[in-house]
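Asker: In this text, residue positions in the sequence shown follow full-length UniProt numbering: the first is 1, and each later residue adds one.
All residues carry an ideal CB built from backbone N, CA and C; glycine is no exception.
This is the structure, below, for whatever I ask next.
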Amino acid sequence: EQRFANDDFDDVFGSAPPSPSCSHENTDLAQETRIRSGNLEPSDIPRLKEKHETEGYRDGVTKGKAESVQKGFDEGYSLGAVLGLRIGKILGLLEGICGALKGAGEVYKGEAERVEGLLGTAKGELGTKSVFGREWWGEDGVWRFDVLGEGDGMEVTFPDVAGAHPLVSKWESVIEEEVERWGLDLDIMEGEHAE
């Protein structure tokens, strides 16, 4: 291992290994001069230079990751929010129907168990890992399922994509059947939000 000595008059990287274009005679002379001047301490310059290069590389990678992760988050957030709202509505309605049936007593015990089973299945199928699984989304975050109007030159919005998701579509159909079965009026609360 070659060691380098500090020279108070060297410039920043002056005590680094000699350039391939320099002659070795000059290096021997410089080393002899350092020894005669009494400065035998090993130089920290090569170690510091390597440390700064490594830290610079890490900082660059970290900054690049942060920028691309943020960009991906920004792009996916709106679609994820729409999916979350629709899934929340599905689960909320099933929970509400289940709670109402359980509170109705023995008469609806069988129906309560049926809807409770639906709720358990829905929670499993509409979980984050299922909804955002590789089966439905590509590596680039683009959906792999058909969306109405996508190839026809029509503008496709996030609600269109969320509604076309096979799991969301399946469970929205189940909810429609339950709403119809129990005669629920989902528009009853709409007027209260306008005030």
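Please look up how many angstroms separate the CB atoms of R86 and A162, rounded, as I've assumed it's under 8 Å.
Answerer: Position 86 of the sequence shown, counted from the start, is the residue given in the question as residue 86. Position 162 of the sequence shown, counted from the start, is the residue given in the question as residue 162. That pair is a contact at about 5 Å.
Asker: Find out if the Cβ-Cβ distance for the pair F158, S78 is shorter than 7 Å.
Answerer: Along the sequence shown, one-based indexing puts residue 158 at 158. Along the sequence shown, one-based indexing puts residue 78 at 78. Their beta carbons are under 7 Å apart, which means F158 touches S78 by this criterion.
Asker: Taking the Cβ atom as the reference point for each residue, do Y108 and L101 lie within a distance shorter than 7 Å?
Answerer: On the sequence shown, position 108 is the one that residue 108 refers to. On the sequence shown, position 101 is the one that residue 101 refers to. Cβ atoms of Y108 and L101: closer than 7 Å.
Asker: Give the range of the alpha helix (DSSP H) segment to which W137 is assigned.
Answerer: Numbered from its first residue, the sequence shown carries residue 137 at position 137. Here W137 belongs to no alpha helix (DSSP H), and DSSP marks it neither H nor E.
Asker: Taking the alpha-carbon positions, what's the E150 to W137 distance?
Answerer: In the sequence shown, the residue the question calls residue 150 occupies position 150. In the sequence shown, the residue the question calls residue 137 occupies position 137. Between E150 and W137, the C-alpha separation is close to 16 Å.
Asker: Find the nearest neighbour of R144 within the set G153, G133, D152, T62, judged by alpha-carbon distance.
Answerer: Sequence index remark: in the sequence shown, residue 144 carries index 144 (1-based). Nearest of G153, G133, D152, T62 to R144, Cα basis: G133.
Asker: Measuring only the C-alpha atoms, how far is A112 from D160?
Answerer: Here residue 112 refers to the residue found at position 112 when the sequence shown is read from its first residue. Here residue 160 refers to the residue found at position 160 when the sequence shown is read from its first residue. Whole-angstrom Cα-Cα distance: 32 Å.
Asker: Can you grab the Cα-Cα spacing for the pair V174 / E53, in whole Å?
Answerer: Numbered from its first residue, the sequence shown carries residue 174 at position 174. Numbered from its first residue, the sequence shown carries residue 53 at position 53. Cα-Cα distance, rounded: 59 Å.
Asker: Given a cut-off of 7 Å, decide if L167 and V115 are closer than it, judged by their beta-carbon atoms.
Answerer: Reading the sequence shown from its first residue, position 115 is the one you call residue 115. Reading the sequence shown from its first residue, position 167 is the one you call residue 167. Taking 7 Å as the Cβ cut-off, V115 and L167 do not qualify as a contacting pair.
Asker: Relative to the alpha-carbon of L126, which residue among R47, G80, G110 has its alpha-carbon at the smallest distance?
Answerer: The residue given as residue 126 occupies position 126 in the sequence shown. Minimum Cα distance to L126 is reached at G80.
Asker: From G141 to A164, what does the alpha carbon distance come to, in whole angstroms?
Answerer: Start at 1 with the first residue of the sequence shown, and residue 141 comes out as number 141. Start at 1 with the first residue of the sequence shown, and residue 164 comes out as number 164. Rounded to whole angstroms, G141 to A164 spans 15 Å at the Cα level.
Asker: By the 10 Å Cβ neighbour count, where 16 or more other Cβ atoms means buried, how is L186 classified, buried or exposed?
Answerer: Counting from one through the sequence shown, the residue named residue 186 turns up at place 186. Label assigned to L186: exposed.
Asker: Quick check: what's the CA-CA separation for E190 versus I97?
Answerer: Along the sequence shown, read from residue 1 onward, the residue named residue 190 stands at position 190. Along the sequence shown, read from residue 1 onward, the residue named residue 97 stands at position 97. Their Cα atoms are separated by approximately 19 Å.
Asker: Pull up the distance between the alpha-carbon of I90 and that of I188, whole angstroms please.
Answerer: The sequence position of residue 90 within the sequence shown is 90, counting from 1. The sequence position of residue 188 within the sequence shown is 188, counting from 1. Cα to Cα, the separation comes out at about 17 Å.
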